[in-house]
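In this note's numbering, the protein residues as written are 55 to 460. To start, the structure under review is shown below, and the notes come after it.
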Ligand SMILES: Cc1ncc(COP(=O)(O)O)c(C=O)c1O
């Protein structure tokens, strides 16, 4: 198992059950190894449900009553579509990495020391964000310079999902290797099994402290057998190659949809990890949040499960099972096309003339329709008499006006 998971013989492996446990242990390893406490995390990041992870998950602590703890530092998400430095910036990777450098310098100037920088290799809950090339290398350089370690969270994005590589962090190049990698979710294909991989040096610093890692079910044979079976299937059914081929096919289909539908502002992704950023207008990139929620519910009626995420909850997340086929992709896109066409017709948004994402939309939603969407998006769906027992709507008007709420 070790061999299959690691590209290097210096890596040590620890079995867990859930991604949260893996990330919790990663933090303990980092803090024990460095003797430091502080953690740099990305804005909108989610790393798990344990207290230690809510503390470093702005996606959660910004929503609840929790406040950011002093030892936690939040760096801007390296989002080149709607972040601080966009695709027209001459060097967004350096600009975003410099933000991390500044955070480190500020922390140090107030006597604080960095234990770790943690990030998903591609940020999922944050809106399907793919960091610009070179960003992780630069961040790793600054974090190592401060005596900290780099933790790559592969809980969502590992196991061949990106197609070209088995681990998403490998997309960043041979010269980038995280100090700690955490994995879970797809590792057991539904069975709870997770894992932390790190260097011998970090693992030994942890064990030599005398603080053993103990967990009643850790490394249990059933979970290990499941983990091995998953690896077998990925290998035998060539699912990594499938992710590449079907992912490219799906991305091409979606790009055609972008040329057709003004609501689609950006299609981004690699392999079977794709995001559709929905916008009300292409120039300002105003998030089409209500529309995204509407589309999700309509897609559910067509038996396609999607979710929306990102800070504005306007990014449709596409992360299908690794056995997803070209037929599935075609089916999904056909449904989406139909729903977008009806939605755009109902709201008066034309579906043609979308030439470039920097071209201002020549057509806008009809004023009345837009007003109705906004008004209805503040209405509780429970009040809708056309709601069916399964939470779906049948009445066309109610559907348009209510679905946009949730
Ligand atoms: C990126 C990331 N890390 C960690 C976790 C936590 O994993 P689990 O829910 O298995 O504890 C999740 C769960 O959604 C996740 O998306």
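No residue lacks a Cβ here, since even glycine has one placed at the ideal position from N, Cα and C.
DSSP state of residue i mapped onto helix, strand, coil
| i | result |
| --- | --- |
| residue 398 | helix |
| residue 265 | coil |
| residue 444 | With a pLDDT of 33 at residue 444, under the threshold of 50, the modelled position of that residue is not reliable, and the figure given next carries that caveat. Of the three classes helix, strand and coil, the one that applies to residue 444 here is coil, per DSSP. |
| residue 169 | strand |
| residue 183 | strand |
| residue 91 | coil |
| residue 252 | strand |
| residue 213 | coil |
| residue 74 | helix |
| residue 341 | strand |
| residue 376 | coil |
| residue 293 | helix |
| residue 115 | helix |
| residue 79 | helix |
Cβ neighbour criterion (16 or more within 10 Å) applied to residue i
| i | result |
| --- | --- |
| residue 337 | exposed |
| residue 359 | exposed |
| residue 127 | buried |
| residue 333 | buried |
| residue 377 | exposed |
| residue 282 | exposed |
| residue 73 | buried |
| residue 365 | buried |
Inter-residue spacing [alpha-carbon to alpha-carbon] between residue i and residue j
| i | j | result |
| --- | --- | --- |
| residue 263 | residue 86 | 8 Å |
| residue 482 | residue 371 | The structure shown has nothing for residue 482, since the chain only spans 55 to 460. |
| residue 347 | residue 200 | 42 Å |
| residue 80 | residue 95 | 13 Å |
| residue 384 | residue 314 | 16 Å |
| residue 231 | residue 164 | 30 Å |
| residue 318 | residue 101 | 28 Å |
Any non-hydrogen atom of ligand 1 closer than 6 Å to residue i Cβ
| i | result |
| --- | --- |
| residue 229 | no |
| residue 238 | yes |
| residue 514 | Summary: the structure shown does not reach residue 514, with the chain confined to residues 55 through 460, and so no result is reported for it. |
| residue 141 | no |
| residue 364 | no |
| residue 177 | no |
| residue 209 | yes |
| residue 329 | no |
| residue 245 | no |
| residue 101 | yes |
| residue 295 | no |
Beta-carbon proximity of residue i to residue j, cut-off 7 Å
| i | j | result |
| --- | --- | --- |
| residue 132 | residue 186 | yes |
| residue 222 | residue 176 | yes |
| residue 193 | residue 239 | no |
| residue 147 | residue 217 | no |
Short CB-CB distance (under 7 Å) between residue i and chain D
| i | result |
| --- | --- |
| residue 235 | Looking at the structure shown, chain D is missing, and only one protein chain is on hand. |
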